[in-house]
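I have placed the structure first, in the form of structure tokens, so that the comments after it can refer back to it.
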Amino acid sequence: MSDHEHEPGHGHYGHGHDDHGHGAGGHAGHAHGVSADADRRWLAIALALITVFMAVEVVVGILAGSLALISDAAHMLTDAASIVLALIAMRLSARPARGGFTYGLKRAEILSAQANGLTLLLLGTWLAYEAVRRLVSPPEVEGGLMLATALTGIVVNVVATWCISRANRSSLNVEGAYQHILNDLFAFIGTAVAALIVVLTGFARADAIATLVVVALMFKAGYGLVRDSGRIFLEAAPVGFDPDEIGDQLAEQHQVVEIHDLHVWTITSGEPALSAHVLVEPGGDCHAVRRHLQQLLRDKHGIGHATLQVDHLGEDTDAKELLQITTASTEPTEHCDDAHGPVHRPGPHEH
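Residue numbers (UniProt numbering): 1 to 351.
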């Protein structure tokens, strides 16, 4: 878990309130509990299928002297590892918050997704090297046995992919395991096509060419997982959220004079969070403004985890600074010791 100085629960807010409910908006996460148990069940079924077939494939590969089949088995080993990581992460993320982990271990899921992305990239690099080497010097391939095993592998991976697709793929963690299995399915399809070509034409390089196509898909999936998990670890705004647009929208609401120190980030998959410092016009109803803004965030953006520090304009401001705000100066005025981000103010017609 990365510490965030503006995350909910940090600091003292004069009129602040932290609403821990999850909104019904399009970005809100799914409920845990029964669905999380179902996710674990589907992942466990997929893990059992893959582990059994992987063991059989290793035996067949050794008996046939087929490096291609053993390589496929190694690929399936990373699939199994990705599912084990996902199951462990699910268990850790379900633990309640305590001690220094104020969000619990929810981001264990994001760590698992990043690990899955990295293994896809590393495995893809190794397979690309092997494919190029076989293009230069193609080994003798046992096409018939290779085709039979690949066709069986396609069936096993279709079932495993279907099992994981039944789990909640809005979780980056589950999506990581899903991408591993899906890429393995593509690998077996490519292997089957290559094996058929070898059987019909004797063109051994077909195996290496099919592998390079699969490698391209692996790089695409791996990069996506590393990019998305990296955004979460770097506290970037979730995809589809525009902090400037949200800030301007909040600043346009009745009695709001200014929005600053606005932060939007992701706690874990499907759980966006927001914090901001809100200045309300003198004499305004801070509590009513706060309730209205949080309702707006839930309804319009699906952000149910929002912490708003609400103060009256001028409470902690000297006369010169107050004049600067009320005249809507283009020069930003910092109200915090370490202010971050742009200042959002309503147009002249609002007040």
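Every residue gets a Cβ at the ideal spot worked out from N, C-alpha and C, and that includes glycine.
Taking a contact to require three or more Cβ pairs closer than 8 Å, the region 279-297 and the region 213-232 do not qualify as touching. Rounded to whole angstroms, the Cβ separation of ALA48 and LEU87 is 12 Å, and the two are not in contact under 8 Å. Between VAL58 and ILE50, the CB-CB gap reaches or exceeds 8 Å. Residues THR78 of the same chain have their beta carbon placed closer than 6 Å to that of THR119, with the five preceding and five following residues left out of the count. The residue among VAL215, GLU109, ASP184 with its C-alpha nearest the C-alpha of ILE232 is GLU109. The beta carbon of PRO138 sits closer than 6 Å to the beta carbons of ALA204, ARG205 from its chain, once the five residues preceding and following it are set aside; these are given in chain order. Contact check between the region 299-307 and the region 262-276: three or more CB pairs, one atom from each, fall below 8 Å, which counts as touching.
Annotation: SER171 is outside any alpha helix (DSSP H) and is labelled neither H nor E by DSSP. For LEU274, the pairing in a beta bridge is given by DSSP as VAL264, ALA306.
For ASP184, the CB contacts under 7 Å within the same chain, skipping 5 residues up- and downstream, are HIS75, MET76, ASP79, ASN157 in chain order. In this structure, ILE181 places its C-beta atom within 8 Å of the C-beta atom of ALA46.
Taken atom to atom, the span from the alpha-carbon of SER165 to that of ALA55 is near 24 Å.
Within the same chain, Cβ atoms closer than 7 Å to the Cβ of LEU212 are found at ALA128, ALA131, the five residues on either side in sequence being excluded. The straight-line gap separating the alpha-carbon atoms of PHE219 and LYS300 is approximately 35 Å.
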